[in-house]
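Numbering-wise (our numbering), the sequence shown opens with residue 12 and increments by one.
Built from N, CA and C at the ideal position, the CB exists for glycine as well.
Inspection log for the structure reproduced underneath, given as structure tokens.
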Amino acid sequence: MSSTISFFAYKTECILKAFTNISSLISIVLIIAIVFIGANEISASESKLYKGITINSSDDNGLSFSIDIDNPEENIFASPGQTERPIGIPVLIAIPSGSTPTITKAVASGAVTLNIENRKYIGGSSPVLAVVSGTSTMRWREIITVEIFPYYQGTYYSHIDIEIRFQGAAKISMDTYPAQEGKLFDRIFEYSVLNYEQAKNWPVAKSRPFT
12 MSSTISFFAY KTECILKAFT NISSLISIVL IIAIVFIGAN EISASESKLY
62 KGITINSSDD NGLSFSIDID NPEENIFASP GQTERPIGIP VLIAIPSGST
112 PTITKAVASG AVTLNIENRK YIGGSSPVLA VVSGTSTMRW REIITVEIFP
162 YYQGTYYSHI DIEIRFQGAA KISMDTYPAQ EGKLFDRIFE YSVLNYEQAK
212 NWPVAKSRPF T
């Protein structure tokens, strides 16, 4: 137990020193990655955050991916007092510095009939399949949260295709510089965002203070 606590304290200190402007969702991701997985074992390919998600294409102009959902009950059943709130699946996606993300495609298929008669509280049906619900930064890299709602317009879907386009991305110039970070950050960044392989080489704003 003592070794676990020491490990937690050490890694928490590292995070507090290394990262700024992190949203509550990203903070949760970091805690999971550091405490339960360990800095030396963080890998997007092994991450349970995006289990069931397949990247179809990814470049500087956008991202296309598909999600297959095996556990419908976890995504529509809510807690008492939350009966009308749609329950979404959050996905963290890095975007190029200065770009504007737009969801250009959201298509659902594989309608599923659920046995929910014995459930008292059910999350509300969503009028949209996917929405950009928030923006954050992680070590001066821009990140968006895309929420996907499989319980859509009264029907649950087991497969959803999403396409996001990035417009107005910054180029390497006097206002940007190549991203260079340490191994700890790279591992956490890889675990946290869906499109790490493309995003790891994007430039970041030069307004970042030097440390």
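Check your understanding: How many angstroms separate the CA atom of Asn212 from the CA atom of Thr111?
Key -> 18 Å
Exercise for review: Identify whether Ile53 lies in helix, strand or coil by the three-state DSSP scheme.
Suggested key: Confidence is the limiting factor: at Ile53 the pLDDT is only 44, short of 50, which leaves the residue's position unreliable and the question unanswerable from this model.
Exercise for review: Quick one: using the 10 Å Cβ neighbour count with 16 as the cut-off for buried, is Gly99 buried or exposed?
Suggested key: buried
Point to revise | Rounded straight-line distance, which links the Cα of Glu174 to that of Phe76 | key: 7 Å
Exercise for review: Could you confirm whether any beta carbon from chain B is found closer than 8 Å to the beta carbon of Leu74?
Suggested key: In summary, chain B is missing from the structure at hand, where a single protein chain is found.
**Study point:** Closest residue to Gly135 among Gln209, Asp71, Thr166 and Leu205 (Cα-Cα distance)
**Key:** Thr166
**Study point:** Integer-rounded CB distance, given that Ile154 should sit under 8 Å from Ala105
**Key:** 5 Å
Review point. Do you know how far the Cα of Pro214 is from the Cα of Pro107?
Key: 8 Å
Check your understanding: When you compare only the Cα positions, how much space is there between Ala119 and Tyr202?
Key -> 26 Å
Check your understanding: When DSSP labels each residue in this structure, what does Phe160 get in the three-state scheme?
Key -> coil
Check your understanding: Can you check whether the CB of Ser69 is closer than 8 Å to the CB of Gln209?
Key -> yes
Exercise for review: Can you give me the Cβ contacts of Asp172 inside the same chain, cut-off strictly under 6 Å, excluding the 5 residues immediately before and after it?
Suggested key: Ser77 and Val118
Exercise for review: Identify whether Arg150 lies in helix, strand or coil by the three-state DSSP scheme.
Suggested key: coil
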